[in-house]
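Residue numbers (this note's numbering): 111 to 602.
This is the structure we're talking about:
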């Protein structure tokens with residue numbers, strides 16, 4: 111038999127709640143006003159009911175109750191209103207701009223440029239598009255900095271528009287009240303870990319505070335059709351600190367990545383209800399903020415002092431990674447040296463260490479390179495991270511090139527996924543990758559044989575390859591001594 115919920119008492123005159131019976135209300139002093147009510151499940155107060163301030167706050171922004179279930183086909187769909195952020199790279203990641211009523215979460219390492227990026231966006235949105243326009247009103251809520259600090263940073267970024275409002279506040283009710291009065295089109299909260307509700311126990315940043323504050327801001331965004339952007343701190347693992355339910359309730363989760371000592375920053379979407387999650391935006395950190403990189407491939411490929419292409423060198427390969435709809439050419443560097451320890455080192459920067467172990471095993475088993483007693487170091491230039499399987503061939507050839515001290519053929523691109531059997535598998539959108547390579551002056555590209563016809567009109571020589579061993583024998587330059595010793599037409 112289910113146990114009955116314990117009753118609590120509240121004053122019928124003023125609403126004060128007590129967990130026990132009382133004759134005189136300790137709040138208003140009235141006698142014989144105690145009324146009994148059963149405790150409700152999921153209540154927040156001591157007596158089973160949420161405090162009056164919390165109930166009023168929830169009721170103010172809570173979504174309106176529906177009449178009941180109805181056919182999904184009968185629901186009217188209005189066009190999604192989007193506002194361009196004034197930054198093309200940010201709009202690319204968002205799927206075309208900020209959607210009205212959306213709640214976004216932006217995460218990244220400390221000092222990576224999250225606040226700078228959102229302040230630049232806020233200034234671009236608040237700036238009048240034409241002479242005589244007022245610009246869109248933007249409310250920037252700073253919970254970690256003072257008004258003077260934000261003002262100094264904004265002065266470095268350009269002319270500060272009049273429609274950009276600043277509020278230094280950490281109380282959620284004060285933030286919502288200010289937003290209700292000023293009626294901005296965009297609200298930026300920096301950061302969600304500093305916002306707290308006064309009617310909840312716990313300091314800012316705790317699980318309860320972040321969940322409830324995020325839910326209140328979600329209700330505000332949906333009720334007022336205001337786009338709200340939250341800055342979130344990250345943990346050592348690189349994920350947003352706090353409860354994962356915060357990532358579930360927001361409409362998009364963006365991560366700003368990059369090495370602190372590198373100039374380039376990469377913005378990726380881990381979740382996006384209004385667009386694709388595989389798009390990427392590239393920025394360069396300058397003394398005037400984050401500058402958009404129009405041609406990331408040219409930026410990530412090093413050149414000589416006179417602007418020409420660098421001469422081939424052992425251990426260097428160029429790969430083509432597909433980031434959303436954009437092909438990105440990146441240089442991969444490998445160094446293989448004799449190990450002086452019992453266990454060889456495997457060090458990577460921008461490449462998955464477990465994927466490197468697979469490629470080393472395939473090189474040793476299928477190509478015959480004895481790498482078991484050698485240290486292997488992999489570095490992706492520009493501070494990027496390569497996760498796409500289509501870069502496997504380039505990384506494997508860079509390792510083989512360093513091990514054999516034989517550079518790849520000049521101006522050669524390597525594209526393909528390497529299987530455990532050493533065969534090369536097809537990659538998506540090969541034509542886009544090859545056209546980008548031809549645009550940057552590459553002469554040839556080694557591609558999987560099963561799809562070499564897709565690059566026929568790319569404007570460069572397409573070399574069909576069936577396996578990793580064939581790529582090793584075809585795309586690496588032969589040593590002068592080896593070339594002289596071999597008879598004409600002999601196969602290595």
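Where a beta carbon is used, it is the ideal one built from N, C-alpha and C, also for glycine.
Please read these numbers as outputs of a predicted model, since none were measured by experiment.
Looking only at its chain, what residues have a beta carbon closer than 6 Å to the beta carbon of residue i, apart from the 5 residues adjacent to it on each side?
i: residue 193; result: 207 and 208
i: residue 504; result: 427, 429, 442 and 524
i: residue 378; result: 365 and 390
i: residue 545; result: 568
i: residue 298; result: 228, 232, 250 and 339
Excluding the 5 residues flanking residue i on each side, which residues of the same chain have their C-beta closer than 8 Å to its C-beta?
i: residue 586; result: 507, 510, 511, 514, 516, 517, 518 and 519
i: residue 201; result: 194, 195 and 207
i: residue 484; result: 446, 447, 448, 449, 454 and 513
i: residue 469; result: 502, 505, 506, 509 and 528
i: residue 434; result: 202, 386, 388, 389 and 390
i: residue 532; result: 472, 475, 476, 477, 577, 578 and 579
i: residue 409; result: 374, 392, 394, 403 and 492
i: residue 559; result: 534, 574, 575 and 576
i: residue 432; result: 438, 498, 500, 537, 538, 539, 542 and 543
i: residue 264; result: 229, 233, 270 and 274
i: residue 280; result: 253, 304, 305, 306 and 314
Looking at the strands, I want to know which residues DSSP matches up with residue i.
i: residue 577; result: 533
i: residue 346; result: None, per the DSSP bridge assignment.
i: residue 382; result: 362
i: residue 260; result: None; residue 260 has no bridge partner.
i: residue 443; result: 426 and 489
i: residue 459; result: 489
i: residue 197; result: Looking at the DSSP assignment, residue 197 forms no beta bridge with any residue, so it has no partner.
i: residue 572; result: 555
i: residue 367; result: 376
i: residue 336; result: Per DSSP, none; premise fails for residue 336.
i: residue 410; result: Answer is none; residue 410 lacks a bridge partner.
Would you mind sorting residue i into buried or exposed? The rule is 16 or more other CB atoms within 10 Å of its CB.
i: residue 231; result: buried
i: residue 259; result: exposed
i: residue 224; result: buried
i: residue 324; result: buried
i: residue 320; result: buried
i: residue 220; result: exposed
i: residue 405; result: exposed
i: residue 561; result: buried
i: residue 142; result: exposed
i: residue 556; result: buried
i: residue 197; result: buried
i: residue 342; result: buried
i: residue 246; result: buried
i: residue 303; result: buried
i: residue 153; result: Its pLDDT being 43, under 50, residue 153 is placed unreliably by the model, and nothing is read from it.
i: residue 522; result: buried
i: residue 407; result: buried
i: residue 163; result: For residue 163, the predicted model reports a pLDDT of 49, less than 50, meaning its position is unreliable and no value from the coordinates is stated.
Could you name the residues of the same chain whose beta carbon sits closer than 7 Å to that of residue i, not counting the 5 residues immediately before and after it, in chain order?
i: residue 274; result: 232, 233, 236, 248 and 250
i: residue 335; result: 210 and 211
i: residue 436; result: 390
i: residue 227; result: 366 and 400
i: residue 344; result: 217, 218, 219, 350 and 351
i: residue 322; result: 307 and 310
i: residue 257; result: 276 and 278
i: residue 605; result: This structure leaves residue 605 out entirely; the chain is present only between 111 and 602.
i: residue 368; result: 222, 374, 375, 376 and 493
8 Å is my cut-off, CB to CB: does residue i come that close to chain B?
i: residue 446; result: The structure shown contains no chain B; it holds only a single protein chain.
Looking at residue i and the ligand SAM, is the gap between the Cβ and the nearest heavy atom below 7 Å?
i: residue 387; result: What this structure holds is no ligand at all, so the ligand SAM is not there to describe.
Cβ contact check for the region 461-480 and the region 383-395: 3 or more pairs under 8 Å: Counting C-beta pairs with one atom in each stretch, the region 461-480 and the region 383-395 have fewer than three that are closer than 8 Å, which means they do not touch.
Say whether the region 421-428 touches the region 451-462, bearing in mind that this needs 3 or more beta-carbon pairs closer than 8 Å, one atom from each stretch. Look at the beta carbons and you see the region 421-428 not touching the region 451-462: under three pairs across the two are nearer than 8 Å.
Would you list, in sequence order, the uninterrupted beta strand (DSSP E) runs of no fewer than 3 residues that lie entirely inside the region 278-333? Those beta strand (DSSP E) runs which fall completely within the region 278-333 and span 3+ residues are 296-300.
Residue ranges of each beta strand (DSSP E) within the region 465-519, 3 or longer: Within the region 465-519, the complete beta strand (DSSP E) runs of at least 3 residues are 484-490.
If we count Cβ pairs, one from each stretch, closer than 8 Å, do we get three or more for the region 269-289 versus the region 357-367? Touching, no.
Count the C-beta pairs between the region 565-583 and the region 489-499 that are closer than 8 Å, then say yes if the count reaches three, no if not. With a cut-off of 8 Å, the region 489-499 and the region 565-583 do not count as touching, because too few Cβ pairs lie within range.
Which full runs of the alpha helix (DSSP H) of 4+ residues lie inside the region 218-256, going along the chain? Listed in chain order, they are 224-236.
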